[in-house]
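A short worksheet on the structure shown next.
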Amino acid sequence: MKFRVMTIAGALVLGGAAAALAHGGATGIVKERMDAMDAMGDVMKSLTTIMRGETDYDAETVRKGAGVIRSHSGEALTKLFPEHSIEGPSEAKPEIWSNWQEFETLADQLDLFAAALGKAADNGLAHGAGAGAMGQESMMGGSAMMSEGGMMGGGSMMTQGGMMGTETPMADPEMLAQMPADGIFNMVAQTCSACHSKFRVEKK
Ligand SMILES: [Cu+2]
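Heads up, this note's numbering is the position in the sequence shown plus 32, with the first residue counted as 1.
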């Protein structure tokens, strides 16, 4: 008994140390934004299993997750990046501040897509609940709409590549809210990646 308690306590301490190490001992605003990013990472992880059909579809979970992402996007995100705040273990690139407009646009895009995901939560998956294999396929393809043919009612929405380009105009929120949840989820995920590939140092 005593041993077991000690083991749990030990695990807790180790867990804490691992978390601190993961952030490389970051403090202040750098730690704050890492924590915010991690919170979004956790949401994306749990929503991924839903979008792939590996977990039962639950609109409320999707809505809540979208809300968490939204709370860390837009201005909430950009205000965690005061000019040249690259102390210690930060993986932020200096390009953030020489391309601030683009960085801001991506943060706003995340807000837009997260809001749309919240609204689209009730739409469910493109191929219906339980279509695991298909869901997976759409995750991989990065575009659920592709295989939906005319569902989105127009070719322009299909070419997501163009749409995710940072200079492209924002999509119409009403239109986004009509999308299957996994489709808009992919757009959220692509926004994370777009910003990371440009503004975050690659992990060694
Ligand atoms: Cu970190």
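Built from N, CA and C at the ideal position, the CB exists for glycine as well. What you are looking at is a predicted structure, and each value in this text was computed from that prediction instead of being measured.
Per the C-alpha coordinates, the member of VAL233, LYS96 and ASP204 positioned closest to VAL75 is LYS96. A residue is called buried once 16 or more other Cβ atoms fall within 10 Å of its Cβ, and VAL94 is buried on that count. DSSP lists no bridge partner for ARG84. In terms of side-chain proximity, the C-beta atom of HIS55 is found nearer than 7 Å to a non-hydrogen atom of ligand 1. Secondary structure of ALA58 (DSSP, three-state): coil.
Annotated three-state conformation of ALA209 is coil, per DSSP.
At least one heavy atom of ligand 1 sits closer than 7 Å to the Cβ of ALA58. In terms of CA proximity to LEU79, VAL220 leads the group VAL220, SER122, LYS63 and PHE135. The beta carbon of TYR89 is closer than 7 Å to those of ILE82, GLY156, LEU157 and ALA161 in its chain, skipping five residues each way along the sequence. Cβ atoms of GLY150 and ARG102 come within 8 Å of each other, at about 7 Å. By a beta-carbon distance limit of 8 Å, PRO121 contacts GLY57. Their separation comes to about 6 Å. Each residue's CA atom was taken as its position, placing SER117 and LYS77 some 28 Å apart. The Cβ atoms of PHE217 and PHE135 do not sit closer than 8 Å to each other.
DSSP, reduced to helix, strand and coil, places ALA221 within a helical segment of the structure shown. When C-alpha distances from ALA68 are compared across GLU86, GLU92, VAL100 and THR87, the shortest belongs to VAL100.
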